[in-house]
Amino acid sequence: MADTERTEGPGEGLWSKLRRRNVVQWGLAYVAAGWGLLQGLGYVGSAFHWPDQLQRVAILLFVVGLPIALLIAWYHGDRGDQRVTAAELTIITLLLLLGGVLLWRYQRVIETSFVAIPSPAQPRPGVDTPGAVAADKSIAVLPFVNLSSDVEQEYFSDGVTEEILNLLADVEGLRVISRTSSFSFRGEQVDLPTIARKLAVAYVVEGSVRKAGDRVRVTAQLVDVAADAQLWSQTYERKLDDVFAIQSDVAEHIVRSLKIAMGADELATLGRRPTRDIDAWQQFLQAREHVRNRKSPADLTEALAHVDAALARDPGFARAHSLRAVVLMLMPSWSRQAASLETESSRSMAPGELQSKEAQWVEAQAAADRALQLEPKLGEPYLVRALYAQRQNRYGDAERDFRNAIARAPGNPDAHNWYGQFLLAAGYCAKGFAEVQRAAEIDPLSPLISWAAAYAGLMVGRYDLIEQSSARSRENGWTGWQATAIPGGAALVRGDLDQAERIMMQALPQREREIRMSIAAVRHRKIDAPTRAMLAQLGPYGPPGLGRFAVESQAGDVDAALATIAGTVDPDSLLAADGSGGPARPPRGEGPGTVLKADWWFPPAAAMRRDPRFARFVRDIGLVKFWRANGWPDLCAPADDGVQCR
C-alpha cells in the first residue's frame with residue numbers, strides 16, 4: 001500500500017503539489033488541444049458555412065472545461081493515477097459534444113431566459129440600433145453614386161437605385177430596407193459595418209451610375225458585411241434604352257447570390273419594362289424626385305408637370321398614372337401651409353377651398369383607377385384608394401384596399417404605417433401596433449414612422465418603446481412637437497402628472513397656460529369654469545393644451561367627453577335605426593375627413609367607453625357594423641343586440 005500511495009511531505013508548497021499531481025501539465029495540454037480544436041473548427045466552419053453560434057459555443061465550452069480538466073487532474077494525482085481511462089475520455093467527450101449541441105440548439109431560449117433580447121417590436125436600446133440582430137436575408141441598397149458630368153443627373157442615378165430596391169422588395173423571403181433609411185447615409189463618411197448595424201441588415205448593395213448622351217455605365221456590387229466579402233459585382237456599359245434590363249439583371253444576380261428561390265411571377269416582375277419610352281421614364285424619375293424631396297407646394301406642382309409630360313409621351317405608362325394619383329392626393333394637405341397649431345378639423349374652410357380639395361381627391365382616384373386598369377399588380381394605387389375611402393369613412397372599402405396595397409407592395413413602409421393608423425383609430429390596437437412596427441422595421445430611420453411607432457406604443461401600453469422611438473425620431477430630423485410630447489403622454493397615462501406637465505411644456509412652450517390648466521383639471525378630477533372656457537377654444541383632439549377630449553376624459557368628465565366626440569360628426573350622416581344612411585362625415589363646413597380617432601381607445605378614456613352612449617355612438621357612425629364583418633376590436637364585444645366596451 002505504501003508503494004502505491006503518494007503522501008505529501010511536510011511544508012510542501014502549492015506549486016510543488018501542482019507539479020507532483022501533474023496539474024500544470026494537464027492544464028497546458030488542455031489549452032494546447034483546445035486551441036487547436038478551435039482553430040480547426042473555425043476553418044471547417046468557414047468552409048461549410050456553419051452558424052457563427054457554433055464557434056461561440058465551442059469557445060464557451062473551452063473556457064468552462066478548463067477548471068473541470070484541472071479538477072480531474074488534481075483528483076487523479078491525489079490517487080496516484082494521472083491517466084484517464086478510455087471510457088472516461090469517451091464519456092467526457094460525448095458530454096461536451098452533447099452540451100454544445102444542446103446549447104447551440106436552445107441558445108435563443110437560454111438568452112431569452114437570462115438576457116432580455118428585444119423582438120422586432122421591442123428594439124434594442126439606443127437610437128442608432130433600431131433593429132434586432134440582422135436577419136440572414138436582409139439587405140439595404142445604398143444610393144448609387146452619380147458619376148455623370150452633370151450633377152443634375154443625380155435624379156437618374158437615384159432612379160436606378162430605387163428601381164433595383166423596388167425589384168428586390170417584391171421578392172418573397174428578402175427583407176429590404178426602404179429608400180428613406182438607405183438614402184439617409186448619402187454624403188456621410190460611414191463605413192459599411194456601421195450602416196449595416198444601424199439598419200440591421202446582413203448585406204449591402206452599392207454602386208455608381210454614369211450617364212452620357214445615349215449611353216449609360218452602371219457598376220454594382222453585393223457585399224456580405226459580416227464576412228467583409230464581395231459576393232457579386234458587375235459593370236454594365238450599354239445604350240440608355242437598356243437601363244431597364246440592367247436594373248433587372250442586377251436584382252436577379254443579387255437574389256441568386258443570396259440563394260433565394262424565385263417563382264415565375266417574381267421572375268416576370270424582374271423582367272417587366274415599365275415604359276418603352278426612355279424620355280417618359282426620365283420625366284417620371286424627375287417627378288418622383290420632386291415628390292420624395294418636397295418642401296413646399298411648388299415641389300408638387302413641379303412633380304405634376306413632369307408626370308404629365310411622361311404621360312403625354314406614353315399614355316399607357318401605368319406607374320406614371322399611379323404617381324400622378326399620389327401627387328394629387330398630397331396636394332390638398334400641402335396647398336395651405338399650417339400657420340398655427342390648429343388641427344384641420346378645428347377650423348372651417350371656405351367653399352372654394354373645399355371644392356378645390358375635393359376635386360383633387362376625385363382626380364387622384366381617377367388616376368389610381370387608370371393605373372390599376374393598366375397594371376392590376378401595382379400596390380400604390382390601392383393605397384391612394386384606401387386613404388380616400390378612409391377619408392370618406394367607408395371603413396370596409398378602406399380595409400380592403402389597404403390589404404390589397406400591402407399584398408402587392410409588402411415592402412412599402414407607408415402602406416403599413418397608414419394601415420396601422422387606420423386600425424388604431426378603428427379600435428384594433430394590437431393589430432395597428434403590429435403594422436406600425438412592421439413599417440419601422442422596413443424604414444428604421446424614418447423620423448415620421450419613428451414617432452408613429454412611439455404613438456402606437458402609447459396606445460398599447462408599450463412604454464419601453466416610447467422614449468426610444470421618440471428619441472430616434474428627433475435624432476433623424478423630426479422637428480415637430482409630436483416626438484417630444486409623446487413621452488409626456490406616457491407619463492400622463494401612468495399618472496405621473498408632474499413629469500407629464502414638464503414634458504408637454506418643453507414640447508409646446510407657447511401653450512404653457514393651457515397645459516398648466518389642463519393638467520390641473522386632470523390632477524383634481526374637476527374642470528372649473530375658466531378651464532372649460534379655455535378648452536372651448538381648443539380643437540377636439542390632441543394632447544392637453546391642444547385638445548379638449550384628452551382633458552375631459554382624463555378628468556373623468558364623461559358627459560363632456562361624449563359631447564366632444566359627438567360634435568365631430570354631422571348628425572345628418574349617422575345611420576338610421578333600420579341601418580340606412582351613412583357614411584359618417586364631419587360637421588358641415590369642414591369638408592370630408594375621417595371621424596374615427598385613436599384617442600377613444602386610450603386607457604384613461606375607459607369610463608367614457610363603458611357608458612351606453614358611447615356604444616350607441618359607435619353604432620351610429622357604422623363602426624359596429626364594420627366590427628361585425630371584420631372581427632371585434634380589443635376593447636369591445638357584442639352584448640345582447642348591441643355592443644359593450646371597456
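Per the working numbering, the sequence shown starts with residue 1, numbered consecutively.
Beta carbons: idealized from backbone N, C-alpha and C, even for Gly.
Predicted model, so just to flag it, every value in this text is computed and none were measured.
Check your understanding: Ser-573 and Gly-582 look like a contact to me (Cβ under 8 Å); what is the Cβ gap, rounded to whole Å?
Key -> Start at 1 with the first residue of the sequence shown, and residue 573 comes out as number 573. Start at 1 with the first residue of the sequence shown, and residue 582 comes out as number 582. Indeed, because the Cβ distance is near 6 Å, the residues count as touching under 8 Å.
Practice item. Buried or exposed for Gln-554, please, with buried defined as at least 16 other CB atoms from any protein chain shown within 10 angstroms of its CB. Key: Within the sequence shown, numbered from 1, the residue matching residue 554 stands at position 554. With 16 or more Cβ atoms within 10 Å of its Cβ, Gln-554 is classed as buried.
Check your understanding: What residues in its chain sit with their C-beta under 7 Å from that of Pro-413, if we drop five residues either side in the sequence?
Key -> Start at 1 with the first residue of the sequence shown, and residue 413 comes out as number 413. Hits under 7 Å: Ser-178, Ala-439, Ile-442, Asp-443, Ser-446, Ile-449.
Check your understanding: Can you tell me whether Gln-482 is buried or exposed, with buried defined as 16 or more other CB within 10 angstroms of its CB?
Key -> Counting from 1 along the sequence shown, the entry for residue 482 is found at position 482. Result: buried.
Check your understanding: According to DSSP, is Trp-632 helix, strand or coil?
Key -> Start at 1 with the first residue of the sequence shown, and residue 632 comes out as number 632. The answer is coil: DSSP assigns Trp-632 none of H, G, I, E or B.
Point to revise | Simplified DSSP assignment, three categories, for Ile-527 | key: Along the sequence shown, read from residue 1 onward, the residue named residue 527 stands at position 527. Three-state result, Ile-527: coil.
Point to revise | Nearest-angstrom Cα separation, counted from Met-608 out to Ile-59 | key: For the purposes of this step, residue 59 is taken as residue 59 along the sequence shown, with counting starting at 1. For the purposes of this step, residue 608 is taken as residue 608 along the sequence shown, with counting starting at 1. So the two alpha carbons sit approximately 59 Å from each other.
Check your understanding: By a C-beta neighbour count over all protein chains shown, 10 Å radius and 16 as the cutoff for buried, is Asp-228 buried or exposed?
Key -> Sequence index remark: in the sequence shown, residue 228 carries index 228 (1-based). Its Cβ having fewer than 16 others within 10 Å, Asp-228 is exposed.
Point to revise | DSSP bridge partner residues for Glu-467 (one or two, in chain order) | key: Indexing the sequence shown from 1 puts residue 467 at position 467. Its beta-bridge partners do not exist; DSSP assigns none.
**Study point:** Reference Arg-256, options Lys-295, Pro-193, Leu-168, Ser-208, closest by Cα
**Key:** Taking the first residue of the sequence shown as position 1, residue 256 is located at position 256. Cα-wise, what sits closest to Arg-256 is Leu-168.
**Study point:** CA-to-CA distance, His-416 to Arg-67, given in whole angstroms
**Key:** If you number the sequence shown from 1, residue 67 lands on position 67. If you number the sequence shown from 1, residue 416 lands on position 416. According to the sequence shown, residue 67 is Pro rather than Arg. The alpha-carbon atoms of Pro-67 and His-416 are separated by roughly 53 Å.
Review point. At which residues does the alpha helix (DSSP H) containing Ile-260 begin and terminate?
Key: Numbered from its first residue, the sequence shown carries residue 260 at position 260. Segment: none, Ile-260 is in no alpha helix (DSSP H) and carries neither H nor E.
**Study point:** Endpoints, the beta strand (DSSP E) within which Ala-280 is located
**Key:** Within the sequence shown, numbered from 1, the residue matching residue 280 stands at position 280. No beta strand (DSSP E) holds Ala-280; the alpha helix (DSSP H) holding it covers 278-292.
Check your understanding: Okay, do the stretch 196-204 and the stretch 238-251 touch, 3+ Cβ pairs below 8 Å being the bar?
Key -> no
Check your understanding: Fully enclosed by the stretch 554-613, which alpha helix (DSSP H) runs are 4 residues long or longer?
Key -> 558-566, 606-610
Check your understanding: What are the partner residues of Gly-207, as DSSP defines its beta bridges?
Key -> Here residue 207 corresponds to residue number 207 of the sequence shown, with the count starting at 1. Beta-bridge pairing links Gly-207 to Ala-220.
Check your understanding: What residue from Tyr-203, Pro-638, Leu-147, Arg-585 has the CA that sits closest to Ala-226's CA?
Key -> Working through the sequence shown from its first residue, we reach residue 226 at position 226. Checked all of Tyr-203, Pro-638, Leu-147, Arg-585; the closest Cα to Ala-226 is Tyr-203.
Check your understanding: Shortest alpha-carbon distance to Val-223 belongs to which of Ser-138, Pro-544, Trp-451, Met-329?
Key -> Counting from one through the sequence shown, the residue named residue 223 turns up at place 223. For the residues Ser-138, Pro-544, Trp-451, Met-329, the minimum Cα distance to Val-223 belongs to Ser-138.
Exercise for review: Just the C-alpha distance for Ala-140 and Arg-462, rounded to the nearest angstrom, thanks.
Suggested key: In the sequence shown, counting from the first residue as 1, residue 140 sits at position 140. In the sequence shown, counting from the first residue as 1, residue 462 sits at position 462. Whole-angstrom Cα-Cα distance: 28 Å.
Check your understanding: Where does Asn-146 sit, in a helix, a strand or coil, going by DSSP?
Key -> Locating residue 146 in the sequence shown gives position 146, counting from the first residue. Residue state, collapsed to three classes: strand.
Exercise for review: Could you tell me if Lys-239 is buried or exposed, where buried requires 16 or more neighbouring beta carbons within 10 angstroms of its beta carbon?
Suggested key: Translated into the one-based positions of the sequence shown, residue 239 becomes position 239. Lys-239 is exposed by the Cβ-count criterion.
**Study point:** For Thr-180: DSSP bridge partner residues
**Key:** By one-based count along the sequence shown, residue 180 stands at place 180. BP columns for Thr-180 are empty, so no partner.
Point to revise | Opposing strand residues paired with Arg-324 [DSSP bridges] | key: On the sequence shown, residue 324 is found 324 positions in, with the first residue counted as 1. None, per the DSSP bridge assignment.
Review point. For the candidate residues Gly-207, Ser-182, Phe-185, Ala-560, whose alpha-carbon lies nearest to that of Leu-147?
Key: Locating residue 147 in the sequence shown gives position 147, counting from the first residue. It is Gly-207.
Check your understanding: Is Ala-389 closer than 7 Å to Ala-398 when the C-beta atoms are compared?
Key -> What you label residue 398 is simply residue 398 of the sequence shown in a count that begins at 1. What you label residue 389 is simply residue 389 of the sequence shown in a count that begins at 1. A contact, by the Cβ cut-off of 7 Å.
Review point. Could you give the residue range of the beta strand (DSSP E) that holds Leu-231?
Key: Counting from 1 along the sequence shown, the entry for residue 231 is found at position 231. Taken as a continuous stretch (DSSP letters only), the beta strand (DSSP E) holding Leu-231 covers 229-239.
Exercise for review: For my contact list, Val-569 and Ala-550 are in at a C-beta cut-off of 8 Å; report their separation, rounded to the angstrom.
Suggested key: For this step, residue 569 is matched to residue 569 along the sequence shown. For this step, residue 550 is matched to residue 550 along the sequence shown. So it is not a contact: roughly 18 Å between Cβ atoms.
Point to revise | Val-307 - DSSP class collapsed to helix/strand/coil | key: Here residue 307 corresponds to residue number 307 of the sequence shown, with the count starting at 1. Here Val-307 sits in helix by DSSP.
Review point. Can you tell me where the beta strand (DSSP E) with Ser-138 in it begins and where it stops?
Key: Residue mapping note: residue 138 aligns to position 138 of the sequence shown, counting from 1. Ser-138 -> beta strand (DSSP E) spans 138-141.
Review point. For Ala-212, which of helix, strand or coil comes out of DSSP?
Key: Here residue 212 is taken as the residue at index 212 of the sequence shown, counted from 1. Three-state DSSP puts Ala-212 in a strand.
Practice item. Determine the direct distance from the alpha carbon of Ala-452 to that of Ala-471, and round the result to whole angstroms. Key: Numbered from 1 along the sequence shown, position 471 holds the residue referred to as residue 471. Numbered from 1 along the sequence shown, position 452 holds the residue referred to as residue 452. Near 12 Å, if we compare the C-alpha coordinates of Ala-452 and Ala-471.
Review point. Distance, Cα to Cα, Asp-640 vs Val-595?
Key: Here residue 640 corresponds to residue number 640 of the sequence shown, with the count starting at 1. Here residue 595 corresponds to residue number 595 of the sequence shown, with the count starting at 1. C-alpha separation (whole angstroms): 26 Å.
Check your understanding: What's the call for Lys-211, buried or exposed, on a 16-neighbour Cβ count within 10 Å?
Key -> Residue numbering aside, residue 211 sits at position 211 when the sequence shown is read from its first letter. Burial call: buried.
Check your understanding: Expressed to the nearest angstrom, what Euclidean distance is found between the alpha-carbon atoms of Ile-515 and Arg-532?
Key -> Numbered from its first residue, the sequence shown carries residue 515 at position 515. Numbered from its first residue, the sequence shown carries residue 532 at position 532. Answer to the nearest angstrom: the Cα atoms are 13 Å apart.
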